[in-house]
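J.: Can you read through this structure? Questions will come right after.
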Amino acid sequence: MVFAVQRFPKPEFETGYLQPGTLLPSPRAEILAAMDVAILVLALSVISWIVLKKRSRKGVFWMSLFSLIYFGFYREGCVCSIGSIQNITLALFDHTFILPLTVIAFFIIPLIFTLFFGRTFCAGVCPFGALQDLVAFRPQKLGSRLNAVLGMVPYIYLGLAILYAATGTDFIICRYDPFVGIFRFNASFGMFVFAGILLISGIFIARPYCRFLCPYGVLLNWVSRFSRRHITITPAECIQCRLCEDSCPYDAIDIPVTTKDPENRKIRVKKLIWISLLIPFLTFAGGWTGSRLHITLAGVNSKVRLAEEILTPAAGQGQPESLGLTAYKSSGKAAEEVYSEASEILDRFYNGGWILGGFIGLVFGWVIAERMLSKWHTDYIPNKGACYSCARCVDFCPVKTDLSEIKHEKT
Amino acid sequence: MKQKAFIILALALLLALILFMVKDLFYNSPEKKTNPYAYDLRTLKKGDTTQTAYIETRQVHTRLPEIHGLATGINDWIYLAGDNGVEIYDQAGILKNRFDITGNAGCVAVDKHGNIWLGMEDHIEIRNASGKQIKTWKSFGEESFISSIAVTDSFAFIADAGRKVVYRCDLSGNMINRIGEKDPVRKIPGFIIPSPYFDLAIAPDRSLWVVNPGRYELEKYSYDGSFLTSWGEPGIGIGRFCGCCNPSHFTLLRDGSFITSEKGIERIKIYSAEGKFSAVVAFPSSFEEGTRGLDLATDSRERILALDPVKKQVRIFIRKKDQKSN
Chain A
40 MVFAVQRFPK PEFETGYLQP GTLLPSPRAE ILAAMDVAIL VLALSVISWI VLKKRSRKGV
100 FWMSLFSLIY FGFYREGCVC SIGSIQNITL ALFDHTFILP LTVIAFFIIP LIFTLFFGRT
160 FCAGVCPFGA LQDLVAFRPQ KLGSRLNAVL GMVPYIYLGL AILYAATGTD FIICRYDPFV
220 GIFRFNASFG MFVFAGILLI SGIFIARPYC RFLCPYGVLL NWVSRFSRRH ITITPAECIQ
280 CRLCEDSCPY DAIDIPVTTK DPENRKIRVK KLIWISLLIP FLTFAGGWTG SRLHITLAGV
340 NSKVRLAEEI LTPAAGQGQP ESLGLTAYKS SGKAAEEVYS EASEILDRFY NGGWILGGFI
400 GLVFGWVIAE RMLSKWHTDY IPNKGACYSC ARCVDFCPVK TDLSEIKHEK T
Chain B
233 MKQKAFIILA LALLLALILF MVKDLFYNSP EKKTNPYAYD LRTLKKGDTT QTAYIETRQV
293 HTRLPEIHGL ATGINDWIYL AGDNGVEIYD QAGILKNRFD ITGNAGCVAV DKHGNIWLGM
353 EDHIEIRNAS GKQIKTWKSF GEESFISSIA VTDSFAFIAD AGRKVVYRCD LSGNMINRIG
413 EKDPVRKIPG FIIPSPYFDL AIAPDRSLWV VNPGRYELEK YSYDGSFLTS WGEPGIGIGR
473 FCGCCNPSHF TLLRDGSFIT SEKGIERIKI YSAEGKFSAV VAFPSSFEEG TRGLDLATDS
533 RERILALDPV KKQVRIFIRK KDQKSN
């Protein structure tokens with residue numbers, strides 16, 4: 040047997056030196072990474088069964104607690120499905136970026152489950168949702184208008200996250216990840232306050248991150264609208280008892296629209312024409328605005344910032360230079376090379392600005408259209424896009440089909 | 233009403249978060265604070281001056297263009313060797329002789345007859361005090377770089393930094409044996425010499441000590457090449473040796489104590505005969521930054537002489553408690 044031996048002692052760098060903390064958890068062995076994926080699939084299967092078959096809020100609670108411990112504190116929140124958006128994007132735009140299979144799995148598996156069973160991932164597998172669910176003691180209703188306005192934020196966040204990942208600028212979802220510092224017990228003061236504020240506001244506004252920030256939630260929302268099977272409030276026919284009406288802390292129950300044709304045909308046609316003009320207009324206007332903002336957007340990129348600093352040195356104005364500028368000066372790189380790189384990035388941001396702005400305009404138009412056009416339905420139903428499948432509403436429904444459920448109800 | 237207040241409060245907090253993100257992302261100027269992770273040796277170079285047991289009393293200035301080697305000889309005369317020349321000073325620092333040599337002397341030693349042994353890169357030259365060449369040994373090899381010489385009544389010990397080995401030769405230049413080559417059977421670790429500083433010295437008890445700079449150790453060998461013992465620990469702390477390879481030079485006092493000099497964090501320290509740190513002779517503040525090659529010697533009065541190649545001086549330190557008597 041052969042053992043590795045150090046030829047000579049390692050130099051010592053600890054005394055009097057502040058070691059930078061590592062930002063990411065240590066790499067996991069391949070077998071453990073495979074185990075994580077297996078546990079993700081298992082957890083999604085169990086939670087989907089709990090939500091759709093057992094219809095048990097208690098089961099959802101225990102499952103989310105498990106996920107909080109395993110995916111949150113044990114796995115230290117990395118890789119998470121939310122952040123994986125950026126890895127996937129970067130891999131699509133930069134072929135030198137190696138995308139681990141685990142990341143692909145964490146991105147795609149929750150979407151597949153959502154396509155079949157609704158957002159059961161949010162219900163009991165996402166550690167972010169689980170943590171916020173624990174503090175939602177006094178959730179209040181926000182009203183549909185406020186929900187719609189704040190609900191735009193995740194779309195903007197998603198667009199920015201994709202733009203910055205595609206241009207190799209930054210992984211902003213990770214940069215502003217509020218809970219990862221808690222999971223790793225190494226949150227900076229700023230991020231600790233950030234998480235604290237989210238959790239405090241989460242007492243009154245349930246799952247504020249999921250509803251008004253989470254970019255992965257946008258994708259889940261879209262996919263869930265087409266879900267094959269989705270949790271229902273009532274297991275049979277709705278008796279319109281209205282007991283569930285206030286049960287959802289996320290304002291995700293669509294109340295019945297019983298009047299089949301609330302407006303006359305003329306008004307409806309007018310609305311449709313207006314919408315069909317509004318959406319393209321907002322898309323174009325958004326795109327144009329985004330393209331005008333490309334310099335501001337590109338200002339986040341370190342190479343663009345460096346070029347700007349070289350052009351207008353702050354040190355000359357009596358300010359200390361940035362660390363980036365110090366590093367550049369010691370690199371011996373020509374300024375022209377930096378300018379050329381920055382100019383290339385600016386071009387990409389110009390195109391990206393058009394796409395980002397257009398996307399935001401389109402979503403804005405879509406939200407307006409959704410609010411203008413009401414859909415006819417007779418029952419109290421979960422909004423398939425917004426519902427987190429938490430099963431709270433199930434407990435409020437007096438209609439039972441399962442014998443054990445009836446017995447449980449009687450006791 | 234209360235409900236509304238809660239919502240407004242929670243919404244305000246949420247909006248504050250979003251505004252914070254926007255400001256941080258788009259309106260945050262690049263960080264202009266000092267890099268907290270810069271590896272800055274300045275703080276480490278500031279020492280506790282209460283640990284200084286010696287004081288600098290005199291400097292001897294040389295006229296040699298570059299100086300590499302320092303030795304003391306009969307009557308505590310000081311011998312300096314460098315590029316194309318050798319200088320001899322008396323103990324008061326008055327120049328007694330100066331002669332030219334062809335080539336660069338990397339190290340110097342003086343035997344009991346007052347003959348001057350010069351390490352001329354790959355070979356040894358022996359001259360008398362007036363500079364007359366007595367003998368030139370043949371080359372040890374193309375890769376050789378002689379970095380230290382110690383001469384006893386019967387042997388000459390030559391440290392070859394290029395070949396990472398010590399030669400024991402008779403006084404005529406015939407090699408008797410090689411010392412310190414890696415040999416797991418004899419438990420000899422082998423010399424690790426990343427930079428051309430590889431010193432040796434004969435202790436008052438006639439034992440051979442060789443520095444193993446890459447292992448941050450001083451190692452004791454028998455004349456036949458057996459590894460006897462070693463001491464020294466890596467680390468930045470005052471009692472340890474740091475950087476790629478240290479100490480760069482050492483010498484011994486009459487009681488067997490070691491005086492060591494280091495590069496990187498330039499300092500001269502004293503260790504007991506057992507290798508326990510005892511005091512500081514000079515802190516980094518005494519030297520120009522980047523000073524290396526602080527060759528050391530002692531004399532009969534136990535003064536410590538340090539070669540400062542940057543200031544082109546021999547700097548003489550005496551014990552603080554001996555200051556009055558001097």
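Those sequence lines, one after another, are chains A and B. So the first sequence is numbered by our numbering: it starts at 40 and just counts up by one. So the second sequence is numbered by our numbering: it starts at 233 and just counts up by one. Backbone N, C-alpha and C fix where the C-beta goes; we use that ideal spot for every residue, glycine too.
Confirm, please, whether the CB-CB distance from A433 (chain B) to T384 (chain B) is below 7 Å.
T.: Counting from one through the second sequence, the residue named residue 384 (chain B) turns up at place 152. Counting from one through the second sequence, the residue named residue 433 (chain B) turns up at place 201. Contact: no.
J.: Using a Cβ cut-off of 8 Å, pull out every chain B residue sitting near F243 (chain A), in sequence order please.
T.: Indexing the first sequence from 1 puts residue 243 (chain A) at position 204. The answer, in chain order, is F238, I239, L241, A242.
J.: Along chain A, in chain order, which residues have C-beta atoms closer than 9 Å to that of L450 (chain B)?
T.: The residue you call residue 450 (chain B) lines up with position 218 of the second sequence. What L450 (chain B) touches in chain A: nothing, since even the nearest Cβ is about 14 Å away.
J.: Count the other CB atoms within 10 Å of the CB of Q171 (chain A); is the residue buried (16 or more) or exposed (fewer)?
T.: In the first sequence, the residue the question calls residue 171 (chain A) occupies position 132. Looking at its Cβ environment, which holds 16 or more other Cβ atoms inside 10 Å, Q171 (chain A) is buried.
J.: Please compile the residues from chain B whose C-beta is within a distance smaller than 9 Å of the C-beta of Q179 (chain A).
T.: As a position in the first sequence, residue 179 (chain A) is number 140, starting the count at 1. Under the 9 Å cutoff, chain B gives Q235, K236, F238, I239, A242.
J.: Please list the partners that L440 (chain B) has in chain A, where partner means a Cβ-to-Cβ separation under 8 Å.
T.: Here residue 440 (chain B) refers to the residue found at position 208 when the second sequence is read from its first residue. Those do not exist, as L440 (chain B) stays about 21 Å from chain A at its closest Cβ, beyond 8 Å.
J.: In the DSSP assignment, the alpha helix (DSSP H) including L181 (chain A) goes from what residue to what residue?
T.: Walking along the first sequence from the start, residue 181 (chain A) turns up at place 142. Where L181 (chain A) is concerned, there is no enclosing alpha helix (DSSP H), given that its DSSP letter is neither H nor E.
J.: At what residue ranges does the region 240-310 of chain A contain a whole run of the alpha helix (DSSP H), taking only runs of 4 or more?
T.: With a minimum length of 4 residues, the continuous alpha helix (DSSP H) runs that stay inside the region 240-310 of chain A are 247-251, 254-263.
J.: Is the beta carbon of I270 (chain A) sitting closer than 7 Å to the one on G157 (chain A)?
T.: The residue given as residue 270 (chain A) occupies position 231 in the first sequence. The residue given as residue 157 (chain A) occupies position 118 in the first sequence. Yes; because the gap between Cβ atoms is below 7 Å, this pair is in contact.
J.: Counting only beta-carbon atoms, is M352 (chain B) nearer than 7 Å to chain A?
T.: Against the second sequence, residue 352 (chain B) aligns to sequence position 120. No, because no Cβ of chain A sits closer than 7 Å to the Cβ of M352 (chain B).
J.: Run down chain B in chain order and give the residues with a C-beta less than 8 Å from the C-beta of V339 (chain A).
T.: Numbered from its first residue, the first sequence carries residue 339 (chain A) at position 300. What V339 (chain A) touches in chain B: L257, F258.
J.: If I measure Cβ to Cβ from R177 (chain A) and keep anything under 7 Å in the same chain, skipping five residues before and after, which residues do I get?
T.: To locate residue 177 (chain A), count along the first sequence from 1; it is residue 138. Around R177 (chain A): I242, F243.
J.: Can you name the start and end residues of the beta strand (DSSP E) that D402 (chain B) belongs to?
T.: For this step, residue 402 (chain B) is matched to residue 170 along the second sequence. In the DSSP annotation of this structure, the continuous segment of the beta strand (DSSP E) that includes D402 (chain B) starts and ends at 397-402.
J.: Going by the beta-carbon positions, is the gap between L107 (chain A) and V174 (chain A) smaller than 7 Å?
T.: Counting from one through the first sequence, the residue named residue 107 (chain A) turns up at place 68. Counting from one through the first sequence, the residue named residue 174 (chain A) turns up at place 135. Cβ distance not < 7 Å, so L107 (chain A) and V174 (chain A) don't count as in contact.
J.: Residues bridged to P466 (chain B) by DSSP?
T.: Counting from 1 along the second sequence, the entry for residue 466 (chain B) is found at position 234. DSSP lists B:F473 as partners of P466 (chain B).
J.: Quick check: G329 (chain A) and L202 (chain A), are their CB atoms within less than 7 Å of each other?
T.: Residue numbering aside, residue 329 (chain A) sits at position 290 when the first sequence is read from its first letter. Residue numbering aside, residue 202 (chain A) sits at position 163 when the first sequence is read from its first letter. No; because the gap between Cβ atoms is not below 7 Å, this pair is not in contact.
J.: For A313 (chain B), which residues of its own chain have a beta-carbon under 6 Å away from its beta-carbon, when the five flanking residues on both sides are left out?
T.: As a working mapping, residue 313 (chain B) is identified with position 81 in the second sequence. Excluding residues within five positions, the ones whose Cβ falls inside 6 Å are G301, A337, V340, L350.
J.: Just the C-alpha distance for D437 (chain B) and S489 (chain B), rounded to the nearest angstrom, thanks.
T.: Against the second sequence, residue 437 (chain B) aligns to sequence position 205. Against the second sequence, residue 489 (chain B) aligns to sequence position 257. Between D437 (chain B) and S489 (chain B), the C-alpha separation is close to 12 Å.
J.: A248 (chain B) touches chain A at which residues, Cβ-Cβ below 9 Å?
T.: Within the second sequence, the letter at position 16 stands for residue 248 (chain B). Going along chain A in sequence order, the residues near A248 (chain B) (Cβ under 9 Å) are I236.
J.: Say whether chain A places a C-beta atom closer than 7 Å to the C-beta of L245 (chain B).
T.: Within the second sequence, the letter at position 13 stands for residue 245 (chain B). Yes, L245 (chain B) lies at the interface with chain A (some Cβ there is under 7 Å from its Cβ).
J.: Cutting at 8 Å between CB atoms, please list the residues of its own chain near I278 (chain A), excluding the five before and the five after it.
T.: As a working note, residue 278 (chain A) is residue 239 in the first sequence. Taken in chain order, the residues that qualify are P437, V438.
J.: At a CB-CB cut-off below 7 Å, which residues of chain B make contact with S240 (chain A)?
T.: Counting from 1 along the first sequence, the entry for residue 240 (chain A) is found at position 201. Within chain B, the residues near S240 (chain A) are A242, L245, L246.
J.: Straight-line CA distance for A324 (chain A) to V85 (chain A)?
T.: As a first step, residue 324 (chain A) is located in the first sequence; it is residue number 285 there, counting from the start. As a first step, residue 85 (chain A) is located in the first sequence; it is residue number 46 there, counting from the start. So the alpha carbons of these two residues sit roughly 45 Å apart.
J.: Tell me which residue opens and which closes the beta strand (DSSP E) that L450 (chain B) is part of.
T.: Walking along the second sequence from the start, residue 450 (chain B) turns up at place 218. Unbroken beta strand (DSSP E) run through L450 (chain B): 449-453.
J.: Per DSSP, what kind of secondary structure is N316 (chain B) in: helix, strand or coil?
T.: For the purposes of this step, residue 316 (chain B) is taken as residue 84 along the second sequence, with counting starting at 1. Here N316 (chain B) sits in strand by DSSP.
J.: Under 9 Å Cβ-Cβ, which residues of chain A neighbour M407 (chain B)?
T.: For the purposes of this step, residue 407 (chain B) is taken as residue 175 along the second sequence, with counting starting at 1. Residues of chain A passing the Cβ test: none, with the nearest at roughly 27 Å.
J.: Spatial neighbours of E520 (chain B) within its chain, please: CB distance less than 7 Å, with the 5 preceding and 5 following residues excluded, ordered by chain position.
T.: The residue you call residue 520 (chain B) lines up with position 288 of the second sequence. Same-chain partners within the cutoff: V542, K543.
J.: Below 6 Å CB to CB, which residues in the same chain sit around G453 (chain A) once its five sequence neighbours on both sides are set aside?
T.: Limits of chain A in this structure are 40 at one end and 450 at the other, which puts residue 453 (chain A) out of reach.
J.: List the whole-angstrom C-beta distance separating S510 (chain B) from I502 (chain B), where the pair is believed to meet the contact cut-off of C-beta under 8 Å.
T.: Stepping through the second sequence from its first residue, residue 510 (chain B) is reached at position 278. Stepping through the second sequence from its first residue, residue 502 (chain B) is reached at position 270. Yes, they are in contact, since the Cβ atoms of S510 (chain B) and I502 (chain B) sit about 5 Å apart, within 8 Å.
J.: If you measure from the beta carbon of P254 (chain A) to each beta carbon in chain B, is any gap under 7 Å?
T.: For the purposes of this step, residue 254 (chain A) is taken as residue 215 along the first sequence, with counting starting at 1. Output row for P254 (chain A): interface = no.
J.: For A200 (chain A) and G475 (chain B), what's the separation of their Cα atoms in angstroms?
T.: On the first sequence, residue 200 (chain A) is found 161 positions in, with the first residue counted as 1. On the second sequence, residue 475 (chain B) is found 243 positions in, with the first residue counted as 1. Distance between the alpha carbons of A200 (chain A) and G475 (chain B): 43 Å.
J.: Determine the chain B residues that contact Y215 (chain A) at a beta-carbon separation under 7 Å, and present them in chain order.
T.: Here residue 215 (chain A) is taken as the residue at index 176 of the first sequence, counted from 1. Result: M253.
J.: List in chain order: all unbroken alpha helix (DSSP H) runs of 4+ residues lying wholly within the region 282-308 of chain B.
T.: Counting only unbroken stretches of 4 or more residues, no alpha helix (DSSP H) element lies wholly within the region 282-308 of chain B.
J.: What do you get for T334 (chain B), buried or exposed, if any count of 16 or more other CB atoms within 10 angstroms of its CB means buried?
T.: Against the second sequence, residue 334 (chain B) aligns to sequence position 102. T334 (chain B) should be labelled exposed.
J.: What does the Cβ neighbour count give for Y453 (chain B), buried or exposed, with the cut at 16 atoms within 10 Å?
T.: Locating residue 453 (chain B) in the second sequence gives position 221, counting from the first residue. Burial call: buried.
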